[in-house]
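J.: Can you read through this structure? Questions will come right after.
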């Protein structure tokens, strides 16, 4: 009876407007949860990018205690490791049977920075998927047809939790500068971003990086507030400078003077600057390209850091260097490079190394990597793509237009104005880095890829775009509150239209086919022993779904293939999917060269003949939905 009375009293308190404040957020939490469930039921798709599967299989190795190693073997990674291990060995010192490429055991991963795989490994430890059991137990099906891979769905749930954190941080950041309505609208539009929801199920590190970026922004806002507090411009209870400027230090009502208070503020400022440097370092270890954020951070602190601006900038940079140095030392010890294969992203996609040619090269000619012309041409071509496409879609389109228009509007709030300066600095850095760092990964998925840095600005675009919209709305002099909220609702509906359209029928297939069909990948991998090497045009999928060591197809089917097979490790099977089988007949098969994989497939399928002496001559009698498989002997 007592419990029933308490429940009734609690319900009455909520209805009357009193009671615990957190109870008012229960309907909001239920609505957000319902949106997530609806999205997963109607718009979920499995992993369809190499970087997502790559990071996930590295995380599985970590969770199983295999160290930071990979089953996705890039021939270029083999080149770097072998070259580094052979360095200093000449003449009689060279050991012919030594595994310089480290393929007979665990090959070190040189592509992924460590934070995101480590976080996923911790999640896998908690969820404990049974990797050693029959892989099909991890496959979910509807009506006897495969639909979802359980570990991928768990990773999607984790990233959707990060999306909720992003929305909350966006609200808090907007509330620091503007009124509650602007904060709620910015958070709502961030939650309604179709692009962020696509990233949440993509398996990529974008949302974790976005949480780090928003934490960095919050620290910068705090530093700026302390600077103006020390300068006597604001009251300690209002550190971001909302409303009227407060009396200066020493004037009645202003911040108190005193060495103890000043010393405390100085310590807080230094700690926050170090936190900013640590967060940039953490972001760089989540995605290497994010490390360039240290440039706008140092510039911002040097401009708006107050009297101690130089010390703050130096503290942030040194902390950043301290955080990233151990990992860079690891890469240097393993491969002789600071960033492994990721450090050559600027060379990928140039006319010297078109497409993924560099990563598929076992013996690349690196002389062209020292020319300037390829990089200038790549920068100009990709910058054109960014300005004509990516910037126009910033923030989902509609809000992005409001954001760019808001740049013409002056802000009376000093803190908001300085944050907008920082946003523009980030925008400039991201455009340059994204243009030079664009690789074949952007071709696999044009918008939802790990090279999309502009998406990190989405919360800031929402905040300043909403502020500009509300300014215009105030100038409209709407006659009634009801009409005002109707206008706001219309703008929200237009901004969230991509997400609304995604949730409406028809329901897309959750399977990212072509070219990925996990049951086929699992079946083929099951024919191989764990110590054998496969070759495929989707090695990231074989490593993730099949749990087998798999190398990317070399740049040709003759010289480089035999170099890998004879001098590095025997290739026991070849798995080619629609990525290769759907090649253009004339330009990629007939004119692709006699040793191209397109020509290899054309002769194999049309003329029913393999190249003379090719070691893999056995194929299964049962049909495979996703491609062609050849092996060194019958395994089925």
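Residue numbers (our numbering): 494 to 1129. The beta-carbon is built from N, C-alpha and C at its ideal position, and this holds for glycine as well.
Per the DSSP calculation, residue 600 is bridged to which residue(s)?
T.: By 1-based counting over the chain shown, the position of residue 600 is 107. Residue 600 pairs with 563.
J.: Please state whether DSSP places residue 1114 in a helix, a strand or coil.
T.: In the chain shown, residue 1114 corresponds to position 621, counting from 1. Residue 1114 falls in the coil class under three-state DSSP.
J.: Determine the extent of the beta strand (DSSP E) in which residue 635 is found, giving its start and end residues.
T.: Working through the chain shown from its first residue, we reach residue 635 at position 142. Unbroken beta strand (DSSP E) run through residue 635: 632-635.
J.: Near residue 641, what residues of its chain come up, given a Cβ to Cβ distance below 7 Å and the 5 sequence neighbours on each side ignored?
T.: Taking the first residue of the chain shown as 1, we reach residue 641 at position 148. If the five residues before and after residue 641 are omitted, its C-beta is found closer than 7 Å to the C-beta atoms of 539, 633 and 1003, all from its own chain and listed in chain order.
J.: Can you grab the Cα-Cα spacing for the pair residue 1092 / residue 851, in whole Å?
T.: As a position in the chain shown, residue 1092 is number 599, starting the count at 1. As a position in the chain shown, residue 851 is number 358, starting the count at 1. Going from the Cα of residue 1092 to the Cα of residue 851 covers about 20 Å.
J.: For residue 647, which residues in the same chain have their Cβ closer than 6 Å to its Cβ, ignoring the five residues on either side in sequence?
T.: Along the chain shown, one-based indexing puts residue 647 at 154. For residue 647, where only same-chain residues beyond five positions count, the Cβ hits under 6 Å are 620.
J.: Can you tell me which of the three DSSP states residue 1070 falls into?
T.: What you label residue 1070 is simply residue 577 of the chain shown in a count that begins at 1. If DSSP states are grouped into helix, strand and coil, residue 1070 belongs with the strands.
J.: Could you tell me if residue 936 is buried or exposed, where buried requires 16 or more neighbouring beta carbons within 10 angstroms of its beta carbon?
T.: Indexing the chain shown from 1 puts residue 936 at position 443. By the neighbour-count rule (16 or more Cβ atoms within 10 Å), residue 936 is not buried but exposed.
J.: Less than 8 Å between the CB atoms is what I'm expecting for residue 770 and residue 810, so what's the real figure, rounded?
T.: Position 277 of the chain shown, counted from the start, is the residue given in the question as residue 770. Position 317 of the chain shown, counted from the start, is the residue given in the question as residue 810. Indeed, because the Cβ distance is near 6 Å, the residues count as touching under 8 Å.
J.: Quick one: give me the first and last residue of the beta strand (DSSP E) that residue 1028 is part of.
T.: Translated into the one-based positions of the chain shown, residue 1028 becomes position 535. Per DSSP, residue 1028 belongs to the beta strand (DSSP E) from 1026-1029.
J.: Roughly how many angstroms lie between the CA atoms of residue 688 and residue 993, to the nearest whole one?
T.: Your numbering for residue 688 matches position 195 in the chain shown. Your numbering for residue 993 matches position 500 in the chain shown. Distance between the alpha carbons of residue 688 and residue 993 is about 12 Å.
J.: For residue 1032, which residues from the same chain have a beta carbon less than 7 Å from its beta carbon, with the 5 sequence-adjacent residues on both sides left out?
T.: Within the chain shown, the letter at position 539 stands for residue 1032. Correct list, in chain order: 565, 566, 1043, 1044 and 1045.
J.: So residue 690 is in the alpha helix (DSSP H); what residue range does that whole segment cover?
T.: Residue mapping note: residue 690 aligns to position 197 of the chain shown, counting from 1. Where residue 690 is concerned, the enclosing alpha helix (DSSP H) stretches over 687-695.
J.: Ordered along the chain, which non-local residues of its own chain (more than five positions away) have a Cβ less than 6 Å from that of residue 777?
T.: Start at 1 with the first residue of the chain shown, and residue 777 comes out as number 284. So the list reads 783, 784 and 817, once near-sequence residues are dropped.
J.: Please determine, among 1020, 1001, 554 and 1098, the residue with the shortest C-alpha to C-alpha distance to residue 607.
T.: Residue mapping note: residue 607 aligns to position 114 of the chain shown, counting from 1. If we check each option's Cα against that of residue 607, 554 comes out closest.
J.: For residue 1124, does the three-state DSSP call read helix, strand or coil?
T.: What you label residue 1124 is simply residue 631 of the chain shown in a count that begins at 1. Looking at residue 1124 - three-state DSSP - the assignment turns out to be strand.
J.: Hey, how far is the Cα of residue 576 from the Cα of residue 828?
T.: Translated into positions along the chain shown, residue 576 becomes position 83. Translated into positions along the chain shown, residue 828 becomes position 335. Those two C-alpha atoms are separated by around 8 Å.
J.: Provide the residue span of the beta strand (DSSP E) that contains residue 1038, from first to last.
T.: What you label residue 1038 is simply residue 545 of the chain shown in a count that begins at 1. Per DSSP, residue 1038 belongs to no beta strand (DSSP E) and is neither H nor E.
J.: What residue range is occupied by the uninterrupted beta strand (DSSP E) comprising residue 595?
T.: Stepping through the chain shown from its first residue, residue 595 is reached at position 102. No beta strand (DSSP E) holds residue 595; DSSP gives it neither H nor E.
J.: Within 10 angstroms of the Cβ of residue 1114, are there 16 or more other Cβ atoms? Answer buried if so, exposed if not.
T.: One-based indexing of the chain shown puts residue 1114 at position 621. With fewer than 16 other Cβ atoms within 10 Å, it is exposed.
J.: Can residue 958 and residue 902 be called in contact, C-beta distance under 9 Å?
T.: As a position in the chain shown, residue 958 is number 465, starting the count at 1. As a position in the chain shown, residue 902 is number 409, starting the count at 1. For the pair residue 958 and residue 902, the CB atoms are not nearer than the 9 Å cut-off.
J.: Locate the alpha helix (DSSP H) running through residue 638, then write down its first and last residues.
T.: What you label residue 638 is simply residue 145 of the chain shown in a count that begins at 1. Residue 638 -> not in any alpha helix (DSSP H); beta strand (DSSP E) instead, spanning 638-642.
J.: So, under 8 Å CB-CB, residue 933 and residue 861 are touching, yes? Tell me the CB distance rounded to an integer number of Å.
T.: Taking the chain shown and counting its residues from 1, the one referred to as residue 933 is at position 440. Taking the chain shown and counting its residues from 1, the one referred to as residue 861 is at position 368. Not quite, the Cβ-Cβ distance comes to about 17 Å (not below 8 Å), so this is no contact.
J.: Give every residue of the same chain whose Cβ lies closer than 6 Å to the Cβ of residue 949, excluding the five residues on either side of it in the sequence, and list them in chain order.
T.: As a working mapping, residue 949 is identified with position 456 in the chain shown. 703 and 706, listed in sequence order.
J.: Reducing DSSP to helix, strand and coil, say where residue 861 ends up.
T.: In the chain shown, counting from the first residue as 1, residue 861 sits at position 368. Look at residue 861 here: in three-state DSSP terms it is helix.
J.: Locate the alpha helix (DSSP H) running through residue 873, then write down its first and last residues.
T.: For the purposes of this step, residue 873 is taken as residue 380 along the chain shown, with counting starting at 1. Where residue 873 is concerned, the enclosing alpha helix (DSSP H) stretches over 866-878.
J.: Given this structure, state the Cα-to-Cα distance separating residue 773 from residue 788, to the nearest angstrom.
T.: On the chain shown, position 280 is the one that residue 773 refers to. On the chain shown, position 295 is the one that residue 788 refers to. So the two alpha carbons sit approximately 10 Å from each other.
J.: Just to confirm my understanding: we take residue 830, look at its own chain, exclude 5 residues before and 5 after, and list those with CB closer than 7 Å. What are they?
T.: For the purposes of this step, residue 830 is identified with residue 337 of the chain shown, where counting begins at 1. Closer than 7 Å at Cβ, skipping near neighbours: 573, 824 and 836.
J.: Starting from residue 945 and walking both ways along the alpha helix (DSSP H), at which residues does that stretch end?
T.: Taking the first residue of the chain shown as position 1, residue 945 is located at position 452. Run containing residue 945: none; DSSP gives neither H nor E here.
J.: By a C-beta neighbour count over all protein chains shown, 10 Å radius and 16 as the cutoff for buried, is residue 624 buried or exposed?
T.: Taking the chain shown and counting its residues from 1, the one referred to as residue 624 is at position 131. The residue in question, residue 624, is exposed, as its Cβ has fewer than 16 Cβ neighbours within 10 Å.
J.: Given 8 Å as the limit, is there contact between the region 908-924 and the region 962-981, that is, 3 or more CB pairs closer than that?
T.: no
J.: Report the rounded CA-to-CA distance for residue 803 versus residue 715, giving the unit in angstroms.
T.: Within the chain shown, numbered from 1, the residue matching residue 803 stands at position 310. Within the chain shown, numbered from 1, the residue matching residue 715 stands at position 222. The alpha-carbon atoms of residue 803 and residue 715 are separated by roughly 17 Å.
J.: Between which two residues does the alpha helix (DSSP H) containing residue 785 stretch?
T.: Numbered from 1 along the chain shown, position 292 holds the residue referred to as residue 785. Unbroken run through residue 785: none, as it is neither H nor E.
J.: For residue 955 and residue 662, which I take to be in contact (beta-carbon distance under 8 Å), what is that distance rounded to the nearest angstrom?
T.: Position 462 of the chain shown, counting from 1, holds the residue named residue 955. Position 169 of the chain shown, counting from 1, holds the residue named residue 662. The Cβ separation is near 12 Å, so there is no contact.
J.: Rounded to whole angstroms, what's the CA-CA distance from residue 941 to residue 873? Just pull it up for me.
T.: Taking the chain shown and counting its residues from 1, one reaches residue 941 at position 448. Taking the chain shown and counting its residues from 1, one reaches residue 873 at position 380. Distance between the alpha carbons of residue 941 and residue 873 is about 22 Å.
J.: As a quick exercise: from 764, 722, 801 and 560, pick the residue whose alpha carbon is nearest that of residue 754.
T.: For the purposes of this step, residue 754 is identified with residue 261 of the chain shown, where counting begins at 1. Per the Cα distances, 722.
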